Amino acid sequence: MSLELSTEAPEAPENAVDGMWLECIECGETFAPFEAVRYTCDDCDSLLEVRYSTLPTWDDFDGDGVWRYSAALPFDDAVSIPEGSTPLHYVPRLEKGVGVNRLRIKHEGMNPTGSFKDRGMTVGVTVARELGVDRLACASTGNTSAALAAYGSRAGLETLVLLPEGKVAAGKIAQAALHDARILEVDGNFDECLDIVQELAARGEAYLLNSLNPFRLEGQKTIGLEILEEFRQDHGRYPDRIVLPVGNAGNTAALYKAFRELVQAGALHPRDVPKLTGVQAEGAAPMVEAIENDADEVRRWEEVETKATAIRIGNPVNAPKALPGIRETNGTAVAVSDDAITSAQRALAKEGIGVEPASAASVAGLQKLANRGVVDEDEDVVCLTTGHLLKDPDAAFEAGNEPEPVPNDTDEVLSHLEGQSSGRGGILKRLLGR
Ligand code: F0G
Numbered sequence: 001m002s003l004e005l006s007t008e009a010p011e012a013p014e015n016a017v018d019g020m021w022l023e024c025i026e027c028g029e030t031f032a033p034f035e036a037v038r039y040t041c042d043d044c045d046s047l048l049e050v051r052y053s054t055l056p057t058w059d060d061f062d063g064d065g066v067w068r069y070s071a072a073l074p075f076d077d078a079v080s081i082p083e084g085s086t087p088l089h090y091v092p093r094l095e096k097g098v099g100v101n102r103l104r105i106k107h108e109g110m111n112p113t114g115s116f117k118d119r120g121m122t123v124g125v126t127v128a129r130e131l132g133v134d135r136l137a138c139a140s141t142g143n144t145s146a147a148l149a150a151y152g153s154r155a156g157l158e159t160l161v162l163l164p165e166g167k168v169a170a171g172k173i174a175q176a177a178l179h180d181a182r183i184l185e186v187d188g189n190f191d192e193c194l195d196i197v198q199e200l201a202a203r204g205e206a207y208l209l210n211s212l213n214p215f216r217l218e219g220q221k222t223i224g225l226e227i228l229e230e231f232r233q234d235h236g237r238y239p240d241r242i243v244l245p246v247g248n249a250g251n252t253a254a255l256y257k258a259f260r261e262l263v264q265a266g267a268l269h270p271r272d273v274p275k276l277t278g279v280q281a282e283g284a285a286p287m288v289e290a291i292e293n294d295a296d297e298v299r300r301w302e303e304v305e306t307k308a309t310a311i312r313i314g315n316p317v318n319a320p321k322a323l324p325g326i327r328e329t330n331g332t333a334v335a336v337s338d339d340a341i342t343s344a345q346r347a348l349a350k351e352g353i354g355v356e357p358a359s360a361a362s363v364a365g366l367q368k369l370a371n372r373g374v375v376d377e378d379e380d381v382v383c384l385t386t387g388h389l390l391k392d393p394d395a396a397f398e399a400g401n402e403p404e405p406v407p408n409d410t411d412e413v414l415s416h417l418e419g420q421s422s423g424r425g426g427i428l429k430r431l432l433g434r
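Using full-length UniProt numbering, the first residue of the sequence shown is number 1, and each one after it goes up by one.
Right, dumping it as structure tokens:
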């Protein structure tokens, strides 16, 4: 853990309300939290962060799910479905295969709409209700749109989602449709959808609920809090490293903020902060490029491609918050191939854990770093799997066994089972191109 991680608790400025305010991460300008709709700094247009004059310690947490951590959040009463309390799976075979001391999988696909986005939306949509806005919007590679549609509907608010046409997995569009969002399919990629939504928000047409919205990241902090609490309960210590897929780098920023606040509250020693390790697909890896080149800023990639469509992102908007998170926790970032993602998806499935491709990137990244010796065999590691298998049924079909047609007759079924090898070898051969 680098000494640069600030351990000073913040002092409330005059415009704080109930010990809470918004602060620009670049120029330090402060704003009252709910006096106006605001996503970035009025002065320098940089990212904002929610700050608190009192930071909680472990004893201040009580109950279940995201709202167990209300002492670390802007409210204690919320639009909730409820969310959080996701499993931290043991994966003994995978742990042995990767070659680390301990490997646990935090499966965020077990949230109400099947991804971690619910943790951000329960806070973000509550803020929208507080502000009194009537229309919500997001750009999305799919999961954000599913979560926004569900939480927006629950709050009785109109929801607009802008999706890159042809690049969103079927399960996610189905969710947005049934939860009553207006779905606008844009002839462009996710980053271009986000450009449009930001423009709509700036013109006052809708309240923006992408992770650029600082309140969403407050909810996502609870992933880190849950991991630390549960890991310590099970193993008497904190994990050395947390590996997570990176798209807009919202989770990377949120986990870093959770750890910083715990350190500031005296609830976590700086040396116990897990190394944040980001994984991107090779075809969409601007954060990895910035980490590898030791760059201060991330270069926007105009062309991106990967089968992990959730992280098909070339302009990670939270990079200014996430790059310091990776560096100051002594973490790293790595890019993985689509084939490695599919292998990791299958390896997780063999442990009974069904995830969508982007989620499997975390395990693929860990494997690559362990092979390179960057991750030590003594390490205790948690991989984050961010979305459920059913989000992307097409990817699951492609990676899994093929159904075998059989006659409607038991004897024929038996003779089929005896006479032919299972589809498994066949599909592996096909995927290997043999
Ligand atoms: N994993 C999944 C399954 C996702 O849906 C996303 C982002 C990420 C990882 C990346 O997380 O942005 O915090 O680095 N999905 C967004 C969406 C962009 O629109 O659903 P991040």
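Beta carbons are placed, not taken as given, at the ideal position from N, Cα and C, and that holds for glycine. All values derive from a computational prediction rather than experimental measurement.
Using alpha carbons as the reference points, say which of the options lies closest to residue i.
i	options	result
Gly283	Lys321, Pro405, Asn315 and Pro56	Asn315
Ile196	Gly400, Glu49, Ser140 and Ile242	Ser140
Thr307	Leu228, Thr159, Asp380 and Gln280	Here residue 307 turns out to be Lys, not Thr, going by the sequence shown. Considering only alpha carbons, the answer is Gln280.
Thr386	Arg300, Cys193 and Thr252	Thr252
Tyr238	Cys44, Glu379, Leu417 and Asp411	Glu379
Leu323	Met287, Ala358, Val334 and Glu356	Met287
Arg51	Val374, Glu11 and Val381	Glu11
Ile173	Asn143, Gly63, Asn248 and Leu217	Asn143
Asp75	Pro33, His388, Asp409 and Gly28	Note that residue 75 is Phe in the sequence shown, not Asp. With distances taken between Cα atoms, Phe75 lies closest to Pro33.
Ser362	Ile81, Arg216, Arg104 and Ile25	Arg104
Pro274	Leu200, His179, Cys44 and Leu384	Leu384
Ser343	Asn330, Leu369 and Ala399	Ala399
Glu303	Asn318, Ala285 and Ala290	Ala285
Ala360	Glu305, Lys106 and Ile227	Lys106
Leu177	Cys193, Ala147 and Ala155	According to the sequence as given, residue 177 is Ala; it is not Leu. Comparing Cα-Cα distances from Ala177 to each of Cys193, Ala147 and Ala155, the minimum goes to Ala147.
Lys257	Leu73, Gln175, Phe31 and Asp60	Leu73
Glu83	Ala150, Arg372 and Glu192	Ala150
Ala169	Ser145, Lys368 and Leu417	Ser145
Arg346	Asn15, Glu328, Gly28 and Arg93	Arg93
Asp191	Thr309, Leu255 and Ile81	Thr309
residue 468	Trp301, Arg241, Asp77 and Arg182	This structure cannot speak to residue 468, because the chain is shown only from 1 to 434.
Asp77	Ile227, Ala201, Ala155 and Gln175	Ala155
Phe215	Asp59, Asp62, Leu389 and Leu47	Leu47
His388	Asn371, Thr410 and Gly354	Gly354
Should residue i and residue j be called a contact, given that it needs their Cβ atoms to be closer than 8 Å?
i	j	result
Ile341	Thr332	no
Val171	Asp392	Checking the sequence, you will find Gly at residue 171 rather than Val. Yes.
Gly124	Leu209	yes
Val243	Gly365	yes
Gly120	Ser211	yes
Leu268	Leu262	yes
Ile313	Pro245	no
Phe231	Leu348	no
Asn248	Asn330	no
Ala137	Leu160	yes
Val381	Val375	yes
Applying the criterion that 16 or more other CB atoms from any shown protein chain within 10 Å of the CB defines a buried residue, is residue i buried or exposed?
i	result
Ser415	exposed
Val17	exposed
Gly419	exposed
Pro407	exposed
Asn293	exposed
Gly236	exposed
Gln233	exposed
Ala358	buried
Ala335	buried
Tyr207	buried
Gly152	buried
Val413	exposed
Asn401	exposed
Glu23	buried
Thr122	buried
Phe259	buried
Ala295	exposed
Leu3	Below a pLDDT of 50, predicted positions are generally treated as unreliable, and Leu3, at 42, falls in that range; no measurement from the model is reported.
Lys167	buried
Gly250	buried
Lys321	buried
Gly425	Only weak support is given to the placement of Gly425: the predicted model assigns it a pLDDT of 46, under 50, and the question is left unresolved by the model.
Phe397	exposed
For residue i, is the beta carbon positioned less than 7 Å from some heavy atom of the ligand ATP?
i	result
Ser115	The ligand ATP is not among the ligands present in this structure, which contains only the ligand F0G.
Closest Cβ-Cβ distance between residue i and chain B: below 8 Å?
i	result
Glu14	Reference to chain B is not applicable here, since this structure consists of a single protein chain.
Q. How do the segment 55-66 and the segment 28-39 stand: do at least 3 beta-carbon pairs fall below 8 Å, yes or no?
A. These segments do not touch.
Q) Is it a yes or a no for the segment 114-128 touching the segment 180-198, going by three-plus beta-carbon pairs under 8 Å? A) The segment 114-128 is not in contact with the segment 180-198.
Q) Whole alpha helix (DSSP H) runs in the segment 257-318 with 4 or more residues, listed along the chain? A) With a minimum length of 4 residues, the continuous alpha helix (DSSP H) runs that stay inside the segment 257-318 are 286-292.
Q | Touching by the beta-carbon criterion (3+ pairs, under 8 Å), the segment 125-142 and the segment 92-100 | A | Flag = no, the segment 125-142 and the segment 92-100 do not touch.
Q.
I want to know whether the segment 210-225 touches the segment 67-75 - three or more CB-CB distances under 8 Å.
A. Under the three-pair Cβ rule at 8 Å, the segment 210-225 counts as touching the segment 67-75.
Q | 3-residue-minimum beta strand (DSSP E) runs that sit fully inside the segment 152-208, ordered along the chain | A | Whole beta strand (DSSP E) segments, 3+ residues: 158-164 and 182-186.
Q | Segments assigned beta strand (DSSP E), at least 3 residues, entirely inside the segment 228-257 | A | Correct list: 241-245.
(Q) What ranges does the beta strand (DSSP E) occupy inside the segment 314-367, keeping only unbroken runs of at least 3 residues that lie completely in it? (A) Taking only runs of at least 3 residues, the beta strand (DSSP E) segments lying wholly in the segment 314-367 are 332-336.
Q.
Restricting to runs no shorter than 4 residues, where is the alpha helix (DSSP H) found entirely within the segment 71-149?
A. The alpha helix (DSSP H) runs lying completely inside the segment 71-149 and spanning 4 residues or more are 92-98 and 117-131, given in chain order.
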